[in-house]
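Just so you know, we're using the working numbering here: the sequence shown kicks off at 70 and counts up by one. Input: a single structure, listed below in structure tokens.
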Amino acid sequence: MSIANNLLKYKKELDASAVQLVAVSKYQDADAVLEAYNAGHRVFGENIVQELVEKQAVLPKDIEWHLIGHLQTNKVKYIAPFISVIESVDSLKLLQEINKQAAKNNRTIDCLLQVYIADEDTKFGLGFDEVVELLRAEEFTVLKNVRIVGLMGIASNTDTEKQIRDEFEELKVLFDGVKVSFFRKDDYFKELSMGMSSDYKIAIEEGSTMVRIGSSIFGKRKIKEA
Ligand SMILES: *Cc1c(COP(=O)(O)O)cnc(C)c1O
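The following block contains the structure:
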């Protein structure tokens, strides 16, 4: 199957459940992204700043780029002029830097707080308590150039469906609680980004509004992993 065919298959399936598709193009070259673009897709996810900046420079400017990988504060300035959504915000310090760079560019940048839900040491993200702590902090409430539009999480890399489902369910419970406590009147807080190629069906059943799908659209990686 071609990239275009894979994409159209997912779009059809996801449109039916009103779930947004972020096509994860990490390690793919610009031509692969362009093939998906020409098939009508506009929302792409990347996890490395340098790769994202290089592709953004050569690809059509109406692409909505999502950063989905760990972001170092000293790299925020490279993506601040154009990034649509930073899905991987995992500290107040990072959020403050995003706010600063967004202001410099006369923008407001949409962000998701990445929440740690997996039973693994390797995943970045905030703990449930840290999410609440951040949203309560005076330093957060003064930020005018960032907007928290939802939460993001990555489930454990396991074949045990129940564990994955439980992790997504916990994140959904947190999402609902945060919505009521902090964003009751804010319509923009509505995204729950969870689900990848291997677990997106479970994620949607548990309330995902946004899935990040890479390998099953693009196939093999074309750029060597850093
Ligand atoms: C790579 C990646 C994805 C996509 O994973 P696939 O298994 O290729 O669909 C989704 N989310 C994040 C954060 C990723 O790094």
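Note that CB positions come from ideal geometry on N, CA and C, so glycine has one too.
query	result
Counterpart residues of S262 in DSSP-defined beta bridges	M221, M279
Counted within 10 angstroms of its Cβ, other Cβ atoms place A295 as buried (16 or more) or exposed	Bear in mind that a pLDDT of 49 at A295, under 50, signals an unreliable position, so the number given afterwards is only what the model happens to contain. Exposed.
Spatial distance of M221 from Y257 (CA atoms)	15 Å
Bridge partner(s) assigned by DSSP for H135	G114, V154
Where Q119 falls: helix, strand or coil (DSSP)	helix
Residue span of the beta strand (DSSP E) that contains D228, given as start and end	D228 -> no beta strand (DSSP E), and no H or E assigned at all.
Whole-Å CB distance - L313 paired with C180, under 8 Å assumed	Because the chain in this structure spans residues 70 to 295, residue 313 falls outside the shown range and cannot be described.
Any non-hydrogen atom of ligand 1 closer than 6 Å to R216 Cβ	no
S86 versus V215: straight-line alpha-carbon distance, rounded	28 Å
Distance between L136 and L76 (C-alpha atoms, nearest Å)	20 Å
Helix, strand or coil at V91 [DSSP, three-state]	strand
Limits of the beta strand (DSSP E) - the one that D184 falls within	The question names Asp, but residue 184 in the sequence shown is Val. Segment 178–184, the beta strand (DSSP E) holding V184.
V91 and G109 closer than 7 Å at C-beta	no
Limits of the unbroken alpha helix (DSSP H) element including L103	99–107
Paired residues, beta bridge with L195 - DSSP	V184
Straight-line gap, D235 to F197 (C-alpha atoms, nearest Å)	15 Å
Those residues which DSSP pairs with R296 across a bridge	Any property of residue 296 remains undetermined from this structure, which presents the chain solely from 70 to 295.
From D188, E260, L240, D245, residue whose alpha carbon lies closest to that of D228	D188
Simplified DSSP assignment, three categories, for R216	strand
Residue burial classification, A149 (beta-carbon count within 10 angstroms, cutoff 16)	buried
The stretch 270–280 touching the stretch 232–250, judged by at least three CB pairs closer than 8 Å	yes
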